[in-house]
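Below you'll find the structure, written out as structure tokens, and then a few comments.
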Amino acid sequence: MFSPAYRHVAAELSPEEEKVGIQILEANYRKLSIPQLMELLSKEFPLCLASDLSELVHKFLSSASIAAHPLPKKRALEEEPVQQVPMQRQTTMYPPPPNARILPGIPSLAQNTQIPNYILNSSSPSPKKSRVEDTEDPVLNLSSKWSQEETDELCAYLAETQGRKNWISCARRVRTKSSAQCKAKFNNMRAQELNRTSFEI
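Numbered continuously in our numbering, the sequence shown closes out at residue 403.
Laid out in structure tokens, this is it:
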């Protein structure tokens, strides 16, 4: 019933009882968990304090004898192939492209840029490309009234295209007016014709 080493009724383990407990632990520590070892020791030493038994188990598990015979590793971890998580590629952040309005301020780029003043002074960060292309020509006369030659060129372009209007190509044909001026002139001419026909009726 009781171990032969258990000769007296006491709350503490004697050195002989410790030796017996260590022998029990050595025989079973590979098969049982710590709570199961504690239960086995409490059955072997029923009158001993649980704190003394846990101290014995702790002392045994941290001793050199268990270091010489380490616990077996779990087979499930060894058999499973190691899955390497693919590393995500880090995206490099590039600075935004420079604003066209600050390019003339850079001396090395000043000679390569021809940006009109109304774009440089505008508050819009990205003006339309067509407006930039439209006003790059230094021959443009943006402030004067339409001459008869310019009006004839506009009418000739409209007759050639038969109503399909591309104001940038129209401005290239007229050469001295912008696409916006060509469109405005066309709308004015059409409005004048409508007014004439309405008065004639």
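All C-beta atoms in this analysis are idealised placements derived from N, C-alpha and C, irrespective of residue type, glycine included. Fair warning: this is a prediction, and the values are worked out from it, not measured in the lab.
#1: With DSSP run on the structure shown, which of helix, strand or coil describes Cys357?
#2: Taking C-alpha atoms, which residue in Lys233, Thr294, Pro297 and Glu220 lies nearest to His260?
#3: I'd like to know if Lys367 contacts chain B, where contact means its C-beta is closer than 9 Å to some C-beta of that chain.
#4: For the alpha helix (DSSP H) containing Gln238, name the first residue and the last one.
#5: Does DSSP put Glu351 in a helix, in a strand, or in coil?
#6: With distance defined between alpha-carbon atoms, name the residue in Lys347, Leu258 and Phe388 nearest to Lys367.
#7: Is the beta carbon of Val376 sitting closer than 9 Å to the one on Leu356?
#8: Rounded to whole angstroms, how far is the Cβ of Gly223 from the Cβ of Leu249, which I believe are closer than 8 Å?
#9: Out of Glu241, Pro237, Thr294 and Leu215, which one is the CA nearest neighbour of Asp254?
#10: Could you give the distance in angstroms between the alpha-carbon of Arg209 and the alpha-carbon of Phe247?
#11: Here's the rule: buried if 16 or more other CB atoms are within 10 angstroms of the residue's CB, otherwise exposed. What is Cys384?
#12: According to DSSP, is Met391 helix, strand or coil?
Quick answer:
#1: In the sequence shown, counting from the first residue as 1, residue 357 sits at position 155. Looking at Cys357 - three-state DSSP - the assignment turns out to be helix.
#2: Within the sequence shown, numbered from 1, the residue matching residue 260 stands at position 58. The candidate whose alpha carbon is nearest that of His260 is Glu220.
#3: The structure shown has no chain B; it contains just one protein chain.
#4: Residue mapping note: residue 238 aligns to position 36 of the sequence shown, counting from 1. Run containing Gln238: Ile236 to Glu246, per the alpha helix (DSSP H) assignment.
#5: Translated into positions along the sequence shown, residue 351 becomes position 149. DSSP places Glu351 in helix when its eight states are reduced to three.
#6: Along the sequence shown, one-based indexing puts residue 367 at 165. Answer by Cα proximity: Phe388.
#7: Translated into the one-based positions of the sequence shown, residue 376 becomes position 174. Translated into the one-based positions of the sequence shown, residue 356 becomes position 154. Yes, these two residues count as a Cβ contact at 9 Å.
#8: Indexing the sequence shown from 1 puts residue 223 at position 21. Indexing the sequence shown from 1 puts residue 249 at position 47. About 13 Å; that fails the 8 Å criterion.
#9: Counting from one through the sequence shown, the residue named residue 254 turns up at place 52. Considering only alpha carbons, the answer is Leu215.
#10: As a working note, residue 209 is residue 7 in the sequence shown. As a working note, residue 247 is residue 45 in the sequence shown. Caution is warranted here: a pLDDT of 47 is assigned to Arg209, below 50, making its placement in the model unreliable, and no coordinate value can be reported.
#11: Within the sequence shown, numbered from 1, the residue matching residue 384 stands at position 182. By the 10 Å Cβ count, Cys384 comes out buried.
#12: What you label residue 391 is simply residue 189 of the sequence shown in a count that begins at 1. If DSSP states are grouped into helix, strand and coil, Met391 belongs with the helices.
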